[in-house]
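First the structure, in the form of structure tokens, and then the observations on it.
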Amino acid sequence: MLNRKAFSILELLVVITIIAIISVFGYPKVNKWLTDREISNEVNKFVAYFEEKKSEVDNKKYGLLVIGQTSPEQASSKNYYITNEEYAIQMKVPADGRTNRNNPSQYDNKSIMNYHKMCPGSPENSPDANWVTDASGAFQWPESVYTWPNKKYCVSRNAIMFPGELEFNVTATEKASFVVCSRSNTTNSSGNNRCNYSNKNEHRYAVQIARNLDLKVFKYNLKSDQWLELKR
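Per our numbering, the sequence shown starts with residue 1, numbered consecutively.
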């Protein structure tokens, strides 16, 4: 006959205890890993989106594009663009009257945009170009993140226009444009848990939009208290 042996009550209690110990000590690590992976995925989505829009500008879908990106509690993200025809007017020398506000000598007969090689910070309020508002294809961060600062970035063919300020140092030689944080351990208000580059919180990533429109991503390492560049 087969010798059938069942688990004793003591053996079952030992197994249950081991499972409980593993759950107590393992769950925080798994939860942190999942949170970090979620933020990393969102940053990668922005990078892919930016690269896609840069390609569209290079292929003349737009004459010039300004990308908006905001946290969900801010106003909905909007992009702004000018057509190829408007871009040609903006780059014409001597400039059209409206593009240099009827003061050609001030800008060496160039438009304000052409002279400064910079998109306006608020295209919706710019009187110099016929900007088109586009909310349908804009990038929107999900409810799981905060971003700082909420800014717009200019995308132009051959990176002729200045894309936007690099806001803060992440290493001795590198600066970044904005930081992305997890809402699980940061806030968008003042204090030690604010989402920015200086507070020492985990799950923070920084994105650099360089002058030539190349992108780099950095991750904050809490243990070493350093921003480390991630290879893409």
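Beta carbons are placed, not taken as given, at the ideal position from N, Cα and C, and that holds for glycine.
Computed from a predicted model, the values in this text were never measured in an experiment.
According to DSSP, what are the bridge partners of Cys-181? Indexing the sequence shown from 1 puts residue 181 at position 181. Residue pairing for Cys-181: DSSP places it in a beta bridge opposite Tyr-146, Arg-204.
Could you name the residues of the same chain whose beta carbon sits closer than 8 Å to that of Tyr-81, not counting the 5 residues immediately before and after it, in chain order? Locating residue 81 in the sequence shown gives position 81, where the first residue counts as 1. Correct list, in chain order: Tyr-62, Gly-63, Leu-64, Leu-65, Val-66, Trp-131, Val-132, Asp-134.
Less than 7 Å separating the beta-carbons of Val-170 and Arg-204? Looking up residue 170 in the sequence shown gives position 170. Looking up residue 204 in the sequence shown gives position 204. The answer is no: Cβ separation not under 7 Å.
Whole angstroms are fine: how far does the CA of Thr-187 sit from the CA of Cys-181? Mapped onto the sequence shown, residue 181 falls at position 181. Mapped onto the sequence shown, residue 187 falls at position 187. C-alpha separation (whole angstroms): 9 Å.
My assumption, with CB atoms under 8 Å, is that Leu-213 sits in contact with Val-207. Please give the rounded CB distance. Your numbering for residue 213 matches position 213 in the sequence shown. Your numbering for residue 207 matches position 207 in the sequence shown. Approximately 12 Å separates the beta-carbon atoms of Leu-213 and Val-207; this is outside 8 Å, ruling out the contact.
List the endpoints of the continuous beta strand (DSSP E) containing Gln-226. To locate residue 226, count along the sequence shown from 1; it is residue 226. The continuous beta strand (DSSP E) containing Gln-226 extends over residues 226-230.
Please confirm if the stretch 107-120 is in contact with the stretch 147-165, defined as three or more CB-CB distances below 8 Å between the two stretches. Yes, since at least three Cβ pairs between the stretch 107-120 and the stretch 147-165 fall closer than 8 Å, the two stretches touch.
Strand pairing of Ala-176, partner residues [DSSP]: Locating residue 176 in the sequence shown gives position 176, counting from the first residue. Ala-176 pairs with Phe-168.
May I ask you to report which of helix, strand or coil DSSP gives Tyr-107? By 1-based counting over the sequence shown, the position of residue 107 is 107. Tyr-107: helix per DSSP, three-state reduction.
So, are the CB atoms of Trp-111 and Gln-140 less than 7 Å apart? The residue you call residue 111 lines up with position 111 of the sequence shown. The residue you call residue 140 lines up with position 140 of the sequence shown. One detail in the question is off: residue 111 reads as Ser in this sequence, not Trp. With respect to Gln-140, Ser-111 sits apart: the two C-beta atoms are not nearer than 7 Å.
So Tyr-115 is in the beta strand (DSSP E); what residue range does that whole segment cover? For the purposes of this step, residue 115 is identified with residue 115 of the sequence shown, where counting begins at 1. In the DSSP annotation of this structure, Tyr-115 is not part of any beta strand (DSSP E); the continuous alpha helix (DSSP H) holding it starts and ends at 112-116.
Take Tyr-153 as the anchor and find which of Lys-78, Ser-136, Asn-199, Lys-29 has the nearest alpha-carbon. Position 153 of the sequence shown, counting from 1, holds the residue named residue 153. For Tyr-153, the nearest C-alpha among the options comes from Lys-78.
Out of Asn-102, Asn-150, Gln-69, which has the shortest C-alpha to C-alpha gap to Ser-136? By 1-based counting over the sequence shown, the position of residue 136 is 136. Each of Asn-102, Asn-150, Gln-69 was checked against the Cα of Ser-136, and the nearest Cα belongs to Gln-69.
Pull up the distance between the alpha-carbon of Ser-71 and that of Cys-195, whole angstroms please. The residue you call residue 71 lines up with position 71 of the sequence shown. The residue you call residue 195 lines up with position 195 of the sequence shown. Going by the C-alpha atoms only, they are around 11 Å apart.
What residue range does the alpha helix (DSSP H) around Asn-79 cover? Within the sequence shown, numbered from 1, the residue matching residue 79 stands at position 79. Counting along the chain, no alpha helix (DSSP H) covers Asn-79; the unbroken beta strand (DSSP E) around it starts and ends at 79-82.
Take the Cβ of Arg-183 as the centre, count every other Cβ of all protein chains shown within 10 Å, and call the residue buried at 16 or more, exposed below. Position 183 of the sequence shown, counted from the first residue, corresponds to residue 183. Residue environment: Arg-183 is assigned as buried (16 or more neighbouring CB atoms within 10 Å of its CB, all protein chains considered).
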